[in-house]
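In what follows, a structure is listed as C-alpha cells, so that the remarks can point back to it.
Number of protein chains: 2
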Amino acid sequence: MNPLEAKLKEKSIAPTAMRVVVLDFLLKQSAALSLTELELGMHRTDRVTLYRTIRTFEEHGLVHRIEDGSGVTKFAMCQTSCNVDGHHDLHIHFYCTQCKETHCLPKTHIPEVSLPSGYLALDTQLIVKGLCGSCNVAIT
Amino acid sequence: MNPLEAKLKEKSIAPTAMRVVVLDFLLKQSAALSLTELELGMHRTDRVTLYRTIRTFEEHGLVHRIEDGSGVTKFAMCQTSCNVDGHHDLHIHFYCTQCKETHCLPKTHIPEVSLPSGYLALDTQLIVKGLCGSCNVAIT
DNA sequence: TAAAACAATGCAATACAATTGCATGCCAGC
DNA sequence: GCTGGCATGCAATTGTATTGCATTGTTTTA
C-alpha cells in the first residue's frame, strides 16, 4: 500500500486523494508553511478545503500549528509521538528574521518552567527569533 | 508634572492627551489586552489612532506585544528595562484556557536554550497555556 | 445492486484584524 | 501669525480565518 495512505490511516484519517497530495507536499518541506504558502505551492487547490484538511491533520496529531509572531499561523509535520490526544512534540521553533522561515528544532526541548503556585501548565510554546545558520553565515 | 506625562517623556514620546489616556488605561490592567479590548475599554476612541498609539508605545519600549496563540495580538506594559533599542523583558507569558486571559509572569525568566551551531538568537518568547491560579481553584 | 447515509470538496460569502491613504487639526518654533 | 511637522480621525483596503450550503464521492446497509 501507498506509504502516504498508510501514514494517514495510522492517524485514523480517511486517505482521500486530496489529503494524500497535501501530506506528500508537507513531507517535502523543510520549513513550516502558512496556509497561503501551502496554497501557492500546490496545484489549483481550494483554500478552504486546504484549511479543513490541515485542521483535520492537526486534530489527529499529524501536523502542529506554530504562531511565530509573523501574524500568520504556520504548520509543520509532527513527530510520531503526537496523536488525537494531544501534541507531545515539545521542541522549540526558530524564526529567522532574515529569510523569514520558521523551522522546528526537534533536538532542542523546551525546558521546564516554574509557575506560580496554583497554576497548571497544559502546553508550552517557545519561539526563538534570530538568524538561522545559513543567514548568519551569509551576513558575517 | 503629571507622572503619566513624565513616563511618556522618559521614553521620548510626545505626551498628547490621547497617549496619556491610553497609558493610564494600560497601567490599570492586570492582563494583556488586544486592540479590540482596548478599544472597548475606552471611551469612543478611533481604532486606528489606538493602533498607532500602541505601535508608538511599542517602538519606544513602553509596551510589548504578545502572540498568545489566540490569533489576535495582545499588548501589555513593559518592564523599565525596555527602550527604543529593544525589549529586554524576557519573562514568560501565561494564557489561561479557561478565562482566556493572558498574563505576564515577570518573575519567571525564560531559560537559555541551546541552538544549533551557527544560529544567532535575538529574541525569545515563551508562552505557557493552561489554567491560572484562580481558574484552577475554581475547577477543582 | 440500489438506495440511503455520511463524509469530503468546492464555491460563495462573511467576519474581523491589520494596515494604509488622505484630509484635517494641533502645537512648536521661527 | 505663519509654517512645518506630527497627531488624529475617517474611509477604504488588504488578507486571514471561518462558516454555509450545495454537490460530489464513498461507504454502509437493506
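Chains A and Y supply the protein sequences, listed in that same order. Note that the UniProt record's numbering has the first sequence beginning at 1, numbered continuously upward. Note that the UniProt record's numbering has the second sequence beginning at 1, numbered continuously upward. The beta-carbon is built from N, C-alpha and C at its ideal position, and this holds for glycine as well.
- Using beta-carbon distances, A:A138 does not count as an interface residue toward chain Y, since no partner is under 7 Å.
- In the three-state scheme derived from DSSP, where H, G and I count as helix and E and B as strand, A:V63 is classed as strand.
- Inter-residue distance for A:R19 and Y:R44 is about 48 Å (C-alpha atoms, whole angstroms).
- If only uninterrupted alpha helix (DSSP H) runs of at least 4 residues are considered, those enclosed by the stretch 39 to 98 of chain A are 47 to 59.
- For A:E59, the nearest beta carbon of chain Y is not closer than 7 Å to its own beta carbon.
- Counting only residues of its own chain and dropping the five nearest sequence neighbours on each side, A:F94 has a CB closer than 6 Å to the CB of H103, L105 and V128.
- Interface annotation for the stretch 106 to 131 of chain Y against chain A: K107, T108, I110, P111, V113, S114, L115, P116, S117, G118, Y119, L120, A121, L122, D123, T124, Q125, L126, I127, V128, K129, G130 and L131, criterion Cβ-Cβ distance under 8 Å.
- In this structure, the straight-line span from the alpha carbon of Y:V48 to that of Y:V21 is close to 15 Å.
- For A:G133, the enclosing alpha helix (DSSP H) stretches over residues G133 to I139.
- Listed as beta-bridge partners of A:S34 by DSSP are A:K74.
- Look at Y:K11 here: in three-state DSSP terms it is coil, with no helix or strand label.
- Residue pairing for A:I127: DSSP places it in a beta bridge opposite A:H93 and Y:Q125.
- Against A:I92, the close residues of chain Y are V113, in the order they occur along the chain (beta-carbon pairs closer than 8 Å).
- When 8 Å is used as the limit between beta carbons, Y:G133 is near these residues of chain A: P116, S117, G118 and Y119, in chain order.
- A:Y51 and A:L35 do touch by the CB rule: their CB atoms are close to 6 Å apart, below 8 Å.
- Distance from the CA atom of Y:D85 to the CA atom of A:E37, rounded to whole angstroms, is 32 Å.
- For Y:E101, the closest Cβ of chain A is not nearer than 7 Å.
- Closer than 7 Å to the CB of Y:G69 there is at least one CB belonging to chain A.
- Y:L131 is not a Cβ neighbour of Y:Q79, given a cutoff of 7 Å.
- Taking 8 Å as the upper bound for CB-CB distance, Y:P15 and Y:L8 are in contact here, some 4 Å apart.
- Residues of chain Y whose Cβ lies closer than 9 Å to the Cβ of A:T97 are, in chain order, L122 and D123.
- Counted as a single uninterrupted DSSP element, the stretch harbouring Y:L115 is not any beta strand (DSSP E), since DSSP gives it neither H nor E.
- Between the beta-carbon of Y:A76 and that of Y:I66 there is about 6 Å, and that keeps the pair under the 8 Å contact cut.
- A:T102 is bridged by DSSP to A:A32 and A:Y95.
- A:N136 and Y:E59 have their C-alpha atoms some 25 Å from each other.
- For Y:D68, the CB contacts under 7 Å within the same chain, skipping 5 residues up- and downstream, are K74, H93, Y95, T102 and I127 in chain order.
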